[in-house]
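*Asks:* Numbering (the working numbering), first residue to last: 10 to 237.
Even for Gly, the Cβ is constructed at its ideal location relative to N, Cα and C.
Here the structure is a predicted model, which means the values were calculated and not measured.
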Amino acid sequence: MTAFKPPAVSLLSKLKRALGMNSFRETYWRLKGFKLLTIQETLQELEPYCIKTVPASAVQLPDVPNQSSSQELIYQANTFSSGEVYVWERDFTNGFISKNGAIIINRKVLCTDWDQRGIIAEAFQMDKRPGKTVGTLIPLASHHQDFSTFNSLTGYYDYVLMVAAKLSRIKDALGDKDLRDIYITYHSFGGNYEKEYMELLGFNPANYIDSREFKLSAEKIIFGDMGT
């Protein structure tokens, strides 16, 4: 029997790694005085601000056969595991949000979504965004939409499973808090479904701000991670 295999990492991604482009871009940020934290460093930094922890979990996924050929598998049985995920709340008077949605506090770039690819991709880009400060802000994702790399955020299903799911977890952490005055920011996927999910979860879609449009700061931020 044959099984579905995910696409290989793109040639562009392999070339970038071979040329050390990501390391070069990381060096760019360090020379500008920013520290790109690892996931573990981020968890340590945010430990005092955690308001919700969701335990690790595992889901058993069965074989999915091809309906036209029972001997062929579209997907093999697999166990989908997720580590602990969190929601944090803290002041943000000494921080701002990058173009691709990364959270930067006292020149430390938090790693909330797998790795630092979002901020790394911004290296050597001029930041001419006008500044804007709001009351409470949810920086929802620090990765940009990227079709050139496997294991990246692309479209609708990634949005639902990674981004909207995180927003749902944040909503649960806030309990009965009024959500209508809370702002949300990240690099837009360009779909109408984004604001539809915000409204479905009780947020005001008019309070969404594309992180590429304004250099946002806030009195307070509430945010989560994507987990592993």
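Going by Cα to Cα distance, which pick from Arg116, Asn109, Gln80 and Val73 is closest to Asp136?
*Replies:* Counting from one through the sequence shown, the residue named residue 136 turns up at place 127. When the alpha-carbon of Asp136 is set against those of Arg116, Asn109, Gln80 and Val73, the nearest one is in Asn109.
*Asks:* Smallest Cα separation from Gly144: which of Ile48, Gly199, Ile193 and Leu52?
*Replies:* For the purposes of this step, residue 144 is identified with residue 135 of the sequence shown, where counting begins at 1. The shortest C-alpha separation from Gly144 is found at Ile193.
*Asks:* Closer than 6 Å by C-beta to Met30: which residues in its own chain qualify, once you throw out the five before and the five after it? Chain order, please.
*Replies:* The residue given as residue 30 occupies position 21 in the sequence shown. Because Met30 sits at a pLDDT of 47, beneath the cut-off of 50, its placement in the model cannot be relied upon, and the following sentence gives the value as read from the coordinates. None.
*Asks:* Rounded to whole angstroms, what's the CA-CA distance from Ala227 to Lys186? Just pull it up for me.
*Replies:* Within the sequence shown, the letter at position 218 stands for residue 227. Within the sequence shown, the letter at position 177 stands for residue 186. Their backbone Cα atoms lie some 18 Å apart in a straight line.
*Asks:* Could you check which residue in Ile218, Ile179 and Phe223 has the C-alpha nearest to that of Thr62?
*Replies:* Taking the sequence shown and counting its residues from 1, the one referred to as residue 62 is at position 53. Nearest C-alpha to Thr62: Ile179.
*Asks:* Around the Cβ of Leu169, are there at least 16 other Cβ atoms within 10 angstroms (buried) or fewer (exposed)?
*Replies:* One-based indexing of the sequence shown puts residue 169 at position 160. The question names Leu, but residue 169 in the sequence shown is Val. Counting Cβ neighbours within 10 Å, Val169 comes out exposed, since fewer than 16 surround it.
*Asks:* Only counting the same chain, and skipping five residues up and downstream in sequence, which positions put a Cβ closer than 6 Å to that of Thr142?
*Replies:* To locate residue 142, count along the sequence shown from 1; it is residue 133. Closer than 6 Å at the Cβ level, and outside the excluded window around Thr142, lie Ser226.
*Asks:* Specify the secondary structure class of Lys44 as computed by DSSP and reduced to three states.
*Replies:* Here residue 44 corresponds to residue number 35 of the sequence shown, with the count starting at 1. It is a strand residue.
*Asks:* Taking all protein chains shown into account, do 16 or more other C-beta atoms lie within 10 angstroms of the C-beta of Pro148, making it buried, or fewer, making it exposed?
*Replies:* The residue labelled residue 148 in the question sits at position 139 within the sequence shown. It is buried - the Cβ of Pro148 has at least 16 other Cβ atoms within 10 Å.
*Asks:* Can you tell me whether DSSP reads Ala227 as helix, strand or coil?
*Replies:* Locating residue 227 in the sequence shown gives position 218, counting from the first residue. If DSSP states are grouped into helix, strand and coil, Ala227 belongs with the strands.
*Asks:* Of the choices Glu205, Arg138, Phe33 and Ala65, whose alpha-carbon is the least far from that of Ser91?
*Replies:* Mapped onto the sequence shown, residue 91 falls at position 82. It is Ala65.
*Asks:* Measuring only the C-alpha atoms, how far is Arg39 from Ile231?
*Replies:* Counted from its first residue, the sequence shown places residue 39 at position 30. Counted from its first residue, the sequence shown places residue 231 at position 222. C-alpha separation (whole angstroms): 26 Å.
*Asks:* Which residue from Glu205, Glu222, Ala132 and Tyr95 puts its Cα closest to that of Pro57?
*Replies:* Translated into the one-based positions of the sequence shown, residue 57 becomes position 48. Per the Cα distances, Tyr95.
*Asks:* With DSSP as the reference, label Asn216 as helix, strand or coil.
*Replies:* Along the sequence shown, one-based indexing puts residue 216 at 207. Helix at Asn216.
*Asks:* With 16 as the cutoff for other CB atoms within 10 Å, does Gln53 come out buried or exposed?
*Replies:* By one-based count along the sequence shown, residue 53 stands at place 44. Classification for Gln53: exposed.
*Asks:* How many Å lie between Met171 and Met235 at the Cα?
*Replies:* Within the sequence shown, numbered from 1, the residue matching residue 171 stands at position 162. Within the sequence shown, numbered from 1, the residue matching residue 235 stands at position 226. If I take the Cα positions, the gap works out to 6 Å.
*Asks:* So Thr36 and Leu119 are in contact, right, with Cβ under 8 Å, and what is the actual spacing, rounded?
*Replies:* Numbered from 1 along the sequence shown, position 27 holds the residue referred to as residue 36. Numbered from 1 along the sequence shown, position 110 holds the residue referred to as residue 119. About 19 Å; that fails the 8 Å criterion.
*Asks:* Classify Leu209 as helix, strand or coil using the three-state DSSP reduction.
*Replies:* Stepping through the sequence shown from its first residue, residue 209 is reached at position 200. DSSP places Leu209 in helix when its eight states are reduced to three.
*Asks:* Determine the closest residue to Ser220 out of Thr121, Pro139 and Lys117, with distance taken between C-alpha atoms.
*Replies:* Looking up residue 220 in the sequence shown gives position 211. That would be Pro139, whose Cα lies nearest to the Cα of Ser220.
*Asks:* Roughly how many angstroms lie between the CA atoms of Leu55 and Arg116, to the nearest whole one?
*Replies:* Counted from its first residue, the sequence shown places residue 55 at position 46. Counted from its first residue, the sequence shown places residue 116 at position 107. Using only the alpha carbons, I get a separation of about 15 Å.
*Asks:* Classify Ala67 as buried or exposed, calling it buried when 16 or more other Cβ atoms lie within 10 Å of its own Cβ.
*Replies:* Counting from one through the sequence shown, the residue named residue 67 turns up at place 58. Ala67 should be labelled exposed.
*Asks:* What alpha helix (DSSP H) runs, 4 residues minimum, are completely inside the region 114-175?
*Replies:* 126-129
*Asks:* So, with DSSP's three-state summary, where would you put Phe101?
*Replies:* Translated into positions along the sequence shown, residue 101 becomes position 92. Reduced to three states, the DSSP call for Phe101 is coil.
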